[in-house]
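Heads up: the structure comes next, in structure tokens.
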Amino acid sequence: MSSERQQIESGMGLPGGPPWNVVWSYAILRFTLGTTFLFHGVTRFMSGWSAFADQMVLNFHDTFLPDFLVRPFALSVPPVEALLGTLLCLGLFTRLTLIAAGLWMIALVFGTTIRQDYSTVAIQLLYALLFFVLQVWVSFNRISLDTLMSKKGPR
């Protein structure tokens, strides 16, 4: 391979930078997860925030969790997911957002496991794994507002 092509592929024009395909792949994965979370939240707002919470309370009715604990959590789901999704899409406060998203997944897995809905738990574990991957590779978060706002690189 020519040295010019190696330089282009290895640095995206940045000295010592990661390969361009890794940077773009990271951005695409981050944006895809962000879009999923954003629209989970937005569609729950649009279809009726209170109706969503009511349904969640019904889903937990046969568990040991009391309704007075389930309802506030259920009401928090749409705004939390919309906020996490927005921040991921923008690549803003990415490291902290990924930590928050991982903690959010723990809460969701906890509740879903209590309901014994293991097919949904499997999907939630996949999300948790993808958040882990993004956190481990956060140094490749070059296409983001974090990078634009900081000369030091990704946060």
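802 is the number of the first residue of the sequence shown in my numbering; add one for each residue after it. For glycine and all other residues, C-beta sits at the position ideal for the given N, C-alpha and C. As the structure is a prediction and not an experimental result, all values here were calculated from the model.
1) Any contact between the region 820-833 and the region 934-946? By contact I mean 3 or more CB pairs, one from each, below 8 Å.
2) Tell me the DSSP secondary structure of S945 in three-state form.
3) Quick check on P879: buried or exposed, where buried means 16 or more other Cβ atoms within 10 Å of its Cβ?
4) Could you check which residue in A901, P867, L899 has the C-alpha nearest to that of I915?
5) In chain order, what residues of the same chain have a beta carbon less than 7 Å from the beta carbon of A854, not counting five sequence neighbours either side?
6) Whose CA, out of T837, L893, L888, lies closest to the CA of Q925?
7) If you run the structure through DSSP and keep just helix, strand and coil, what is G903?
8) Quick check on the DSSP output: the alpha helix (DSSP H) that includes F832 runs from which residue to which?
9) Note down, in chain order, each residue of its chain lying with its Cβ closer than 8 Å to the Cβ of V937, except the 5 sequence neighbours on either side.
10) What residue range is occupied by the uninterrupted alpha helix (DSSP H) comprising D868?
11) With respect to the alpha helix (DSSP H) encompassing Q936, which residues constitute its N-terminal and C-terminal limits?
12) Relative to the C-alpha of H862, which candidate in V881, L935, Q917 has its C-alpha closest?
Let me spell this out:
1) yes
2) In the sequence shown, counting from the first residue as 1, residue 945 sits at position 144. Three-state DSSP puts S945 in coil, outside helix and strand.
3) Here residue 879 corresponds to residue number 78 of the sequence shown, with the count starting at 1. Per the 10 Å Cβ criterion, buried.
4) Stepping through the sequence shown from its first residue, residue 915 is reached at position 114. The option with the nearest alpha carbon to I915 is P867.
5) Locating residue 854 in the sequence shown gives position 53, where the first residue counts as 1. Hits under 7 Å: R872, A875, L876.
6) Counting from 1 along the sequence shown, the entry for residue 925 is found at position 124. Residue T837 is the option with its Cα nearest to Q925.
7) Indexing the sequence shown from 1 puts residue 903 at position 102. G903: helix per DSSP, three-state reduction.
8) Against the sequence shown, residue 832 aligns to sequence position 31. F832 -> alpha helix (DSSP H) spans 821-847.
9) On the sequence shown, residue 937 is found 136 positions in, with the first residue counted as 1. Answer for V937: no residue qualifies.
10) On the sequence shown, residue 868 is found 67 positions in, with the first residue counted as 1. Residues 868-891.
11) For the purposes of this step, residue 936 is taken as residue 135 along the sequence shown, with counting starting at 1. Element bounds for Q936: 919-937.
12) Here residue 862 refers to the residue found at position 61 when the sequence shown is read from its first residue. Checked all of V881, L935, Q917; the closest Cα to H862 is Q917.
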